[in-house]
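A.B. asks: Input: one structure, supplied below.
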Ligand code: SF4
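Residue numbers (full-length UniProt numbering): 216 to 913.
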């Protein structure tokens with residue numbers, strides 16, 4: 216640091232869904248320091264990613280000019296592993312040529328094969344304005360609803376269950392409601408690693424005496440703050456939650472008045488869970504019946520209880536059923552709509568809530584209006600001046616699968632990295648390589664960009680001004696602290712340039728104008744204006760007045776369903792897509808680590824974060840390490856029916872004996888080479904948390 220601190224620019228952290236407000240102190244094109252600001256979700260706090268996760272913006276590998284594939288340079292999935300070899304297959308181009316090629320390729324496929332041969336992956340790492348324009352481009356420029364983003368790999372099943380049950384896919388209360396809760400149930404989530412600042416609010420609540428119940432197959436960083444830790448068998452969420460429902464209803468602990476006034480389907484649910492006495496399912500759950508009874512009573516008898524869940528619940532082939540059972544538990548106990556109560560799926564990416572809200576999903580237009588709703592489409596067509604297709608599009612994994620069989624030929628990827636994040640990467644990378652036309656807009660030559668025809672150099676979050684919406688439904692404004700390097704451009708400008716070449720007469724004077732159009736398309740943004748966000752930094756939706764802060768806790772008196780009642784949906788038992796057997800006796804579970812974000816494109820290029828966590832490790836229980844003859848640090852080979860990876864082994868007492876954990880951030884040992892592509896039938900999400908695996912010395 217030299218002398219006085221550099222000037223501070225107010226923004227929001229681009230990593231997890233907590234949405235911490237921060238200040239970039241930047242000088243001469245570099246961020247010298249990041250400081251926490253007093254935002255509603257962080258109160259000045261930041262985690263290690265928020266403090267040290269930004270020097271990737273000046274990393275020497277940053278793309279500063281457009282790239283086009285050399286004539287005759289073959290697309291080889293092996294290039295994903297070798298950036299130098301991938302780079303040698305491109306030459307630099309000017310923007311005119313790159314954009315002409317990018318848009319021209321899509322127009323040619325649209326003419327030859329029709330709109331359904333095109334698709335787009337947008338991003339939850341960018342702003343609401345970028346996500347909104349991206350989905351509008353795919354819908355009106357490509358002419359298809361084949362548009363999706365990482366929500367499909369995150370909480371799609373939670374959203375399916377919430378929409379079905381209470382008519383809204385967003386949280387019913389912010390995680391800061393923990394401050395008023397008597398009991399906080401955290402299931403399938405690891406907030407100390409994945410939502411670290413949210414975890415501090417949960418620890419604060421435990422410190423003042425709230426009962427923290429932590430339920431997970433693995434030990435978590437919250438366990439030592441918990442009143443009760445429930446370590447259940449992987450994949451047995453429904454059995455465990457139905458057993459808790461059984462106890463609640465059989466012992467008359469449900470909220471009879473709430474059930475009578477506000478719920479539909481109670482009798483069927485009660486009948487369904489009659490067979491789930493804790494003693495009948497304790498072996499399956501791996502949890503003693505007495506403990507199931509104890510936690511069910513503790514939750515149900517609380518005056519105010521909050522449930523938070525993560526991808527341990529949602530990333531499953533029965534993720535929607537897992538979420539249905541959780542939602543039913545909260546509803547029958549009347550634990551929704553009051554201070555200190557609620558349902559909160561902790562969103563992964565910083566703007567996954569906002570990107571979904573603005574319609575970056577294949578079955579819904581902005582504000583979750585169904586694509587087959589004629590009136591909703593007509594309203595948007597009038598606003599957009601272009602036809603909007605009615606048929607729901609394909610989801611992320613379905614688009615890759617369709618590319619593999621030639622049904623999708625052209626794909627526009629903005630800020631996503633499916634060559635690292637899709638399940639069964641061997642097939643996914645081959646499918647991406649098969650595309651006739653792949654355009655990738657990103658900061659680096661990512662594993663996906665290695666297979667592109669055209670690569671467009673984009674802007675990093677500290678170079679952007681725009682709004683994002685966090686897990687708490689708080690719409691917040693981020694401001695640019697730096698200019699993009701070289702010829703890199705704002706993503707918003709790139710999307711508009713692409714749209715104009717596809718025949719759309721778009722003109723936007725910047726993110727403020729896009730936000731104004733969004734507000735016309737989305738009733739949920741009522742009373743939230745750009746000017747307010749500039750002044751106040753954060754406004755929660757729904758907001759019922761221009762000088763009101765917005766409603767953190769919703770559903771006081773009615774749900775967003777036709778009759779105002781929530782619908783209870785019984786969840787049946789089903790096994791994971793594949794079970795361990797003699798050949799593949801371990802359960803592989805994948806996820807994130809504190810220091811690295813998703814596929815690592817940003818955090819692995821951040822010096823401090825890379826130093827803290829420089830290489831992939833497979834975590835195994837001490838017992839499994841001994842049984843396999845592995846010393847800590849030894850090379851280990853993990854194989855599933857889809858592939859194998861090798862890395863160092865680490866002893867981790869938090870893991871159950873038959874489980875191995877891998878982060879999906881590392882190109883050298885890509886966890887998704889191993890994962891199973893089969894999908895939950897409702898949320899269309901893969902079961903990243905459960906694959907049968909073989910583990911042994913490399
Ligand atoms: Fe960023 Fe999340 Fe850490 Fe906050 S908790 S600083 S939003 S990564």
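Where is the CB? At the ideal position from N, CA and C, for every residue including glycine. Note that the coordinates shown come from a computational prediction; the quantities given were computed from them, not determined experimentally.
Please go through the region 406–451 and give each complete beta strand (DSSP E) segment of 3 or more residues, from N-terminal end onward.
C.D. replies: 426–430 and 443–445
A.B. asks: Would the beta-carbon of residue 265 be found less than 6 Å away from any heavy atom of the ligand SF4?
C.D. replies: Yes; taking the cut-off as 6 Å, the Cβ of residue 265 has a heavy atom of the ligand SF4 nearer than that.
A.B. asks: Helix, strand or coil: how does DSSP classify residue 702 here?
C.D. replies: coil
A.B. asks: Taking the C-alpha atoms as reference points, what is the distance between residue 247 and residue 554?
C.D. replies: 40 Å
A.B. asks: Excluding sequence positions up to five away, which residues of its chain have a Cβ less than 8 Å from the Cβ of residue 420?
C.D. replies: Closer than 8 Å at the Cβ level, and outside the excluded window around residue 420, lie 393, 394, 396, 399 and 427.
A.B. asks: From residue 659 to residue 669, what distance separates their C-alpha atoms?
C.D. replies: In a straight line, the C-alpha of residue 659 is about 13 Å away from that of residue 669.
A.B. asks: Suppose you measure from the CA of residue 520 to the CA of residue 499; what does that come to, to the nearest Å?
C.D. replies: Answer to the nearest angstrom: the Cα atoms are 27 Å apart.
A.B. asks: Can you give me the C-alpha to C-alpha distance between residue 216 and residue 892, rounded to a whole angstrom?
C.D. replies: The predicted model places residue 216 with a pLDDT of 49, which falls under 50 and marks its position as unreliable, so this point remains unresolved.
A.B. asks: How long is the line joining the alpha carbons of residue 401 and residue 391, rounded to whole angstroms?
C.D. replies: 14 Å
A.B. asks: Going by Cα to Cα distance, which pick from 666, 665, 705 and 671 is closest to residue 681?
C.D. replies: 705
A.B. asks: Between which residues of its own chain and residue 850 is the CB-CB distance below 8 Å, once the five residues before and five after are set aside?
C.D. replies: 861, 862, 863, 864, 912 and 913
A.B. asks: If we call anything under 7 Å between Cβ atoms a contact, is residue 806 one with residue 532?
C.D. replies: no
A.B. asks: By the DSSP assignment, the alpha helix (DSSP H) with residue 378 in it spans what residues?
C.D. replies: 371–381
A.B. asks: Among 483, 675 and 477, which residue has its Cα nearest to the Cα of residue 170?
C.D. replies: Residue 170 cannot be examined here, being either before or after the span of the chain that is shown, 216 to 913.
A.B. asks: Determine, using beta carbons only, whether residue 350 and residue 575 come nearer to each other than 7 Å.
C.D. replies: yes
A.B. asks: Is the closest heavy atom of the ligand SF4 to the C-beta of residue 255 under 6 Å?
C.D. replies: no
A.B. asks: Mind reading off the beta-carbon distance from residue 649 to residue 695? Whole number of angstroms is fine, and I expect it under 8 Å.
C.D. replies: The Cβ separation is near 38 Å, so there is no contact.
A.B. asks: In three-state DSSP terms, what is residue 238?
C.D. replies: strand
A.B. asks: Let me check understanding here. Comparing Cα to Cα, which of 717, 304, 683 and 802 lies closest to residue 748?
C.D. replies: 683
A.B. asks: Who are the Cβ neighbours of residue 315 in its own chain at under 6 Å, not counting the five residues just before and after it?
C.D. replies: none
A.B. asks: From the DSSP output, in three-state form, read off residue 627 for me.
C.D. replies: strand
A.B. asks: Is it a yes or a no for the region 220–233 touching the region 407–420, going by three-plus beta-carbon pairs under 8 Å?
C.D. replies: yes
A.B. asks: Excluding the five sequence neighbours on either side, which residues of its own chain have a C-beta within less than 7 Å of the C-beta of residue 266, listed in chain order?
C.D. replies: 249
A.B. asks: Any heavy atom of the ligand SF4 inside 6 Å of the beta-carbon of residue 295?
C.D. replies: no
A.B. asks: So, helix, strand or coil for residue 768, using DSSP?
C.D. replies: coil
A.B. asks: Can you tell me whether residue 759 is buried or exposed, with buried defined as 16 or more other CB within 10 angstroms of its CB?
C.D. replies: exposed
A.B. asks: Below 6 Å, is the gap between the Cβ of residue 230 and the nearest heavy atom of the ligand HEM?
C.D. replies: The ligand HEM is not part of the structure shown, which contains the ligand SF4 as its ligands.
A.B. asks: Measure from the alpha carbon of residue 637 to the alpha carbon of each residue in 737, 689 and 894, then state which is nearest.
C.D. replies: 894
A.B. asks: Could you say which of 487, 504, 492 and 510 lies nearest to residue 442 if we only look at CA atoms?
C.D. replies: 510
A.B. asks: Short check: CB of residue 478 to CB of residue 783, under 7 Å?
C.D. replies: yes
A.B. asks: Any chance the region 603–619 sits against the region 356–364, with 3 or more Cβ pairs inside 8 Å?
C.D. replies: yes
A.B. asks: Do you know how far the Cα of residue 269 is from the Cα of residue 751?
C.D. replies: 25 Å
A.B. asks: Where DSSP assigns a beta bridge to residue 479, which residues make up the other side?
C.D. replies: 782
A.B. asks: To the nearest angstrom, how far is it from the Cα of residue 515 to the Cα of residue 634?
C.D. replies: So the two alpha carbons sit approximately 44 Å from each other.
A.B. asks: With a Cβ-Cβ cutoff of 7 Å, do residue 254 and residue 261 count as a contact?
C.D. replies: no
A.B. asks: If we count Cβ pairs, one from each stretch, closer than 8 Å, do we get three or more for the region 363–376 versus the region 544–552?
C.D. replies: The region 363–376, when compared against the region 544–552, does not touch it at the 8 Å Cβ threshold.
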